[in-house]
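Each remark here refers to the structure printed beneath this line.
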Amino acid sequence: MSALSDVYGNLLIVRPPVPATVNKAGANYKSEVAHLTYSPRRAYDEWLSILDAIVATLRGNPSIKKIEIGGHASDDEPEAWSLSSRRAAAVRQYLIDHGVDPYAGMKTWLAGPHYAVSSGHLDTVQMLLDKKIPLEVKNLHDGTMLGQAFWSAVNEHKPSHADIIEALIKAGAVVEPGTLEWWEVQNVPSDETKKRVASALRSAPN
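At position 63 of the sequence shown (counting the first as 1) the number is 233 in the working numbering, and the numbers step up by one without a gap.
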């Protein structure tokens with residue numbers, strides 16, 4: 171099984187197998203190669219070796235500017251959509267834990283943290299906050315993570331945007347002067363989101 175599924179110019183597409191659930195026997199794992207059967211220990215060892223190869227590839231090829239991580243699950247696995255998302259999240263966290271820059275890929279206008287905010291992935295945003303990544307790095311639209319969250323809450327609303335904005339403000343993201351006044355005149359799709367964000371802005375230290 172190749173560590174690199176596809177490389178297109180400066181784009182690396184990562185589709186490694188990931189043990190994402192745990193039962194009494196250990197990792198519940200299904201290989202991308204359907205006829206292969208792995209023990210939980212062997213599955214986990216293979217997963218680590220593939221990801222280590224990806225980390226080495228990224229370090230040795232600075233021309234790779236964008237990483238696409240795809241999580242997969244077969245139709246017969248329970249909660250396949252959630253499982254595939256957790257598999258992708260496990261890969262993402264491993265890469266960041268091993269020194270991959272979460273802001274790599276800015277040439278695509280948004281880097282990973284901005285995409286996580288925009289898409290409403292609270293778990294990913296919280297993981298990035300736990301890693302204490304810089305919060306004031308701007309995307310090519312001149313927006314920080316918090317600025318992206320405000321824009322997305324208005325234009326691409328997700329139920330988790332209020333949680334994300336609260337978490338960013340709590341983590342110390344800079345609130346620009348006039349943000350509360352701007353927010354109060356926006357047509358936010360969710361009344362709850364609008365109220366919660368306004369409350370967070372009123373309580374913000376800056």
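Glycine included, C-beta positions come from ideal geometry on N, C-alpha and C.
Return helix, strand or coil for residue i, following the three-state DSSP convention.
i, result
"residue 239", "strand"
"residue 223", "helix"
"residue 253", "helix"
"residue 259", "helix"
"residue 371", "helix"
"residue 271", "coil"
"residue 265", "helix"
"residue 316", "helix"
"residue 283", "helix"
"residue 303", "coil"
"residue 231", "coil"
Taking the CB atoms as reference points, tell me whether residue i and residue j lie closer together than 8 Å.
i, j, result
"residue 261", "residue 228", "no"
"residue 281", "residue 294", "no"
"residue 366", "residue 346", "no"
"residue 268", "residue 257", "no"
"residue 318", "residue 284", "yes"
"residue 233", "residue 290", "no"
"residue 359", "residue 327", "yes"
Let me check understanding here. Comparing Cα to Cα, which of the options lies closest to residue i?
i, options, result
"residue 300", "226, 256, 341", "341"
"residue 375", "241, 283, 338, 358", "338"
"residue 348", "362, 371, 361, 357", "371"
"residue 237", "219, 314, 361, 225", "225"
Give me the Cα-Cα distance between residue i and residue j, rounded to the nearest whole angstrom.
i, j, result
"residue 322", "residue 316", "10 Å"
"residue 297", "residue 304", "13 Å"
"residue 254", "residue 344", "34 Å"
"residue 332", "residue 350", "14 Å"
"residue 404", "residue 364", "A question about residue 404 goes unanswered here, because the residues of the chain that appear run from 171 up to 376."
"residue 206", "residue 217", "Confidence in residue 206 is poor, its pLDDT being 38 and thus under 50, which makes the residue's placement unreliable; the coordinate value appears in the next sentence. Straight-line Cα distance between these residues: approximately 14 Å."
"residue 369", "residue 266", "32 Å"
With hydrogens ignored, establish whether the beta-carbon of residue i is closer than 7 Å to any heavy atom of the ligand NAP.
i, result
"residue 333", "The model on display carries no ligand, and the ligand NAP is accordingly not part of it."
Please tell me whether residue i has its Cβ less than 8 Å away from any Cβ of chain B.
i, result
"residue 302", "Among the chains of the structure shown, chain B does not appear; only one protein chain is present."
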